[in-house]
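Residue 10 is where the sequence shown starts when you use the working numbering, and the numbers rise one by one after that.
Read through the structure below, which is laid out as structure tokens, and then see the notes.
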Amino acid sequence: MPPFQIKFMPENRIIEVDSGTSLLQAAAKAEIFIKSGCGSKGSCGACKVVVLSGEPLVTGTGNLTPEQISEGVRLACQTMIQGDMTVEVPLESRLKEHQVLMGDVQKGLLQESDHDLLEKFGHQPLATKLRISLSAPTLTENTSDWSRLSMEIRRVLKTGEKPVDIPLSVLKHLPEALRRANWDVSVTLTDIESGITVTHVESGNDNPPYGLAIDIGTTTVVVYLINLSTGEIIDQQGSYNKQAKFGDDVITRIVYAVENEQQLEEIRIAVVETINELIDKILARQSLNNTDFSSAVVAGNTTMTQLFLGVDPRYIRLEPYIPTMANVPSIPARDIGLHMLPDALVHCYPSVASYVGGDIVSGTLVTDLANGEDIILFIDIGTNGEIVLGNQDWLVSCACSAGPSFEGGGITFGMRAMPGAIERVVIDPDSLDVSLKVISKTLPVGICGSGLVDCLSKLLGAGIIDRVGNFQMGHPANSARLRATSDDKEFVLAWADQAGGGKDVVITENDVKNTIRAKGAIYAGIRTLLNMVSVEMEMISRIVIAGGFGNYLNVQDSIQIGLLPDLEEELYQFIGNSSIKGARLALLSQNAWREAKDLGQKMTYVELSVGPTFMDEYVSALFLPHTDFSLFPSCT
Numbered sequence: 010m011p012p013f014q015i016k017f018m019p020e021n022r023i024i025e026v027d028s029g030t031s032l033l034q035a036a037a038k039a040e041i042f043i044k045s046g047c048g049s050k051g052s053c054g055a056c057k058v059v060v061l062s063g064e065p066l067v068t069g070t071g072n073l074t075p076e077q078i079s080e081g082v083r084l085a086c087q088t089m090i091q092g093d094m095t096v097e098v099p100l101e102s103r104l105k106e107h108q109v110l111m112g113d114v115q116k117g118l119l120q121e122s123d124h125d126l127l128e129k130f131g132h133q134p135l136a137t138k139l140r141i142s143l144s145a146p147t148l149t150e151n152t153s154d155w156s157r158l159s160m161e162i163r164r165v166l167k168t169g170e171k172p173v174d175i176p177l178s179v180l181k182h183l184p185e186a187l188r189r190a191n192w193d194v195s196v197t198l199t200d201i202e203s204g205i206t207v208t209h210v211e212s213g214n215d216n217p218p219y220g221l222a223i224d225i226g227t228t229t230v231v232v233y234l235i236n237l238s239t240g241e242i243i244d245q246q247g248s249y250n251k252q253a254k255f256g257d258d259v260i261t262r263i264v265y266a267v268e269n270e271q272q273l274e275e276i277r278i279a280v281v282e283t284i285n286e287l288i289d290k291i292l293a294r295q296s297l298n299n300t301d302f303s304s305a306v307v308a309g310n311t312t313m314t315q316l317f318l319g320v321d322p323r324y325i326r327l328e329p330y331i332p333t334m335a336n337v338p339s340i341p342a343r344d345i346g347l348h349m350l351p352d353a354l355v356h357c358y359p360s361v362a363s364y365v366g367g368d369i370v371s372g373t374l375v376t377d378l379a380n381g382e383d384i385i386l387f388i389d390i391g392t393n394g395e396i397v398l399g400n401q402d403w404l405v406s407c408a409c410s411a412g413p414s415f416e417g418g419g420i421t422f423g424m425r426a427m428p429g430a431i432e433r434v435v436i437d438p439d440s441l442d443v444s445l446k447v448i449s450k451t452l453p454v455g456i457c458g459s460g461l462v463d464c465l466s467k468l469l470g471a472g473i474i475d476r477v478g479n480f481q482m483g484h485p486a487n488s489a490r491l492r493a494t495s496d497d498k499e500f501v502l503a504w505a506d507q508a509g510g511g512k513d514v515v516i517t518e519n520d521v522k523n524t525i526r527a528k529g530a531i532y533a534g535i536r537t538l539l540n541m542v543s544v545e546m547e548m549i550s551r552i553v554i555a556g557g558f559g560n561y562l563n564v565q566d567s568i569q570i571g572l573l574p575d576l577e578e579e580l581y582q583f584i585g586n587s588s589i590k591g592a593r594l595a596l597l598s599q600n601a602w603r604e605a606k607d608l609g610q611k612m613t614y615v616e617l618s619v620g621p622t623f624m625d626e627y628v629s630a631l632f633l634p635h636t637d638f639s640l641f642p643s644c645t
């Protein structure tokens, strides 16, 4: 059977696909990425499309209403192609370019610079480049090529007992490389605790070695190009993670990946393609070759790391939640498929547990949490809230499931931080008039996590909701924005004629309750860790918040709703993308890399599902800001 033509509107983009392909898969092939949060199970309802022409095979309708179905609305993951079709992908169903947090600290609250950290740990990169001139062999000076080269490397580097090795793939080309260069060569070396490895031999040159720091996030991927000789960030590039077409969160991606080996490889290739596209853009801008990239350090959560390596992640989501590995051996780039020197080693940050991964270890390294007497609280907020508490003497960590609210899931007009997302809300308490700040200053389409926190605080302050999140329909303003529908109550943030999607953008009572549950989980996780080590909130010297969502949080609004502890605002520090910062630091310092591996082993992981403590704290936190007002004195 010949392939069928599928036209996607409004791009008017036509592709050819085989019969039985889902519209979700076809859209991904057309580079049109559609939201999907359930691993193509048809349960989330995020992948709505409109079939304009054609007769597909519909295998499920999920939560679509009869009215939507009559208008041609279908779920892309449940709609199978069996003929030519024309399909419209609505704005609200699209995964557009995210606000990618590249690592810059826009709020300027963190005083210690990356340079200071590198100075502290010492600049001794994981990969170096050494120019070596050898004398040509003779009938009397007839030592083997590798012996001559390795002895010279030992002499120059003063390696002592540290072994110097060469992989077979490099050894095979060594004779010609030496003679073609007339015995003047540049040797690329990976230098780690276990030994020194020759990863490339080329004609002598004075070009610097380059390394790649890579942050693999569930939502976005960031790549830094680093001059390993100077430590300078030469270039950077970020984009959304192409794995998003298999599901918005780690659980749906795990569900997809473990169905069969082909799907595991498919989802692995998706993230490798994402990284390679970023690398290729940097290569083109800097006029470099992929063989100039001699080392890489990758930081990501436990699931992202296992999917990146093609390791089955199924037991991460099954009780007792055990990852395949905590420490990952260094792997040649050729085995992964990255566009860099084939024998360059790729180093992955160690994990602590299934839901406290390498990105958190990387962030802990950057905060210098384990090298002082002060007690520091480190928080990374997303679908999971990962929390680390401690100092030089002890470290405890946990992960609490906040649900998808802060990432846009489970919210009527929820979306990730991308153009059209509301990120700030102001509500006049007398008239209930609304002022909005929207990402990219476009018309609002939905609301992202930071906007949701702002919105809850302003709804509470204006008396629109009470302390448990119930809408107050008798509000004295008597505004048309506050209204009841057939199945919920809602507040209009933007009227249809002022919105990008052509419909009213609202927040419902159910949205409010979902957000209260999400913030309650984060705060309960913090309180549980404090209780376990008998530390009072006032004993915390610094609260460090990392990640894209955290970087745009309003501290006072977060305190008002009980998401963050009620402490002085000057104690809060925002470090942006701590994962990529830690990857860069480890790439440039062997001491930092050793400490990162030690941190993964030092951290005690607390499983919150064991015992009643977390649940008791969680129930107490399902109030704005909390049932115990003494914990939030500034909110009374």
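Beta carbons: idealized from backbone N, C-alpha and C, even for Gly.
Computed from a predicted structure; not experimentally measured.
Once the 5 residues before and after residue i are set aside, which same chain residues still bring their CB inside 7 Å of it?
i	result
P438	G470, A471, G472
Q272	Y265, A266
P12	E25, V26, D27
V67	R83, Q87, T88
Alpha carbon to alpha carbon, how far is residue i from residue j?
i	j	result
I225	D368	8 Å
I263	R326	8 Å
K611	T376	16 Å
P506	A253	Note that residue 506 corresponds to Asp in the displayed sequence, not to Pro. If I take the Cα positions, the gap works out to 31 Å.
H356	A136	11 Å
F17	I43	12 Å
P642	S371	34 Å
E76	T261	28 Å
G309	Y358	7 Å
K590	D497	44 Å
G256	S45	5 Å
P634	Q565	12 Å
T392	L139	45 Å
S444	P453	11 Å
N236	L374	21 Å
V281	N299	15 Å
A503	K251	31 Å
Quick one, which of the options has its alpha-carbon nearest residue i's?
i	options	result
G460	Q481, P485, M427, A486	M427
P218	L234, V230, T227, G204	L234
Y249	L273, T283, I242	T283
F638	S31, Q569, S588	Q569
L404	F415, F422, V365, G591	V365
R22	P12, K38, V521	K38
E9	G204, T199, E202, D193	Since the displayed the chain opens at 10 and closes at 645, residue 9 lies outside it and no answer follows.
I340	S360, L318, T333	L318
T74	G54, I436, S159, E64	G54
L143	S159, Q133, E128	S159
L316	I345, P11, N299	I345
R323	E270, A342, S303, C407	E270
Counting along the chain, where does the beta strand (DSSP E) carrying residue i start and finish?
i	result
F558	Unbroken run through F558 is the alpha helix (DSSP H), 556–560; no beta strand (DSSP E).
R83	82–84
R140	136–142
D566	Element bounds for D566: not the beta strand (DSSP E) but the alpha helix (DSSP H), 564–569.
C56	Looking at the DSSP string, C56 is not in any beta strand (DSSP E), and its letter there is neither H nor E.
Y249	242–249
I390	384–390
G220	219–225
G394	393–399
E211	204–212
H182	Counting along the chain, H182 falls outside any beta strand (DSSP E), and DSSP gives it neither H nor E.
D200	193–201
What are the start and end residues of the alpha helix (DSSP H) that includes residue i?
i	result
R262	259–266
R490	Looking at the DSSP string, R490 is not in any alpha helix (DSSP H), and its letter there is neither H nor E.
I516	Premise fails: I516 lies in the beta strand (DSSP E), 514–517, not in any alpha helix (DSSP H).
V370	367–376
K8	Outside the shown range of the chain (10 to 645) lies residue 8, about which nothing can therefore be said.
V281	270–295
Kindly examine the ligand FAD and report whether one of its heavy atoms sits closer than 7 Å to the Cβ of residue i.
i	result
G54	With respect to the ligand FAD, the structure offers nothing, as it holds no ligand at all.
Grab me the residues of residue i's own chain with a C-beta within less than 8 Å of its C-beta, minus the 5 sequence neighbours each way, in chain order.
i	result
P65	L32, R83, T88, M89, I90, Q91, G92, M94
V521	L465, L468, I474, G478, F480
With a threshold of 6 Å on Cβ separation, who are the neighbours of residue i within its own chain once the five nearest residues in sequence on each side are excluded?
i	result
S363	T311, I325, Y330, P332
V628	none
G131	S598, N600
Any alpha helix (DSSP H) of 4 or more consecutive residues that is wholly inside the segment 608–638: 622–629
Runs of beta strand (DSSP E) wholly within the segment 424–510 (minimum 3 residues, chain order): Entirely contained in the segment 424–510, the beta strand (DSSP E) runs reaching 3 residues are, in chain order, 430–436, 443–447, 491–493, 498–503.
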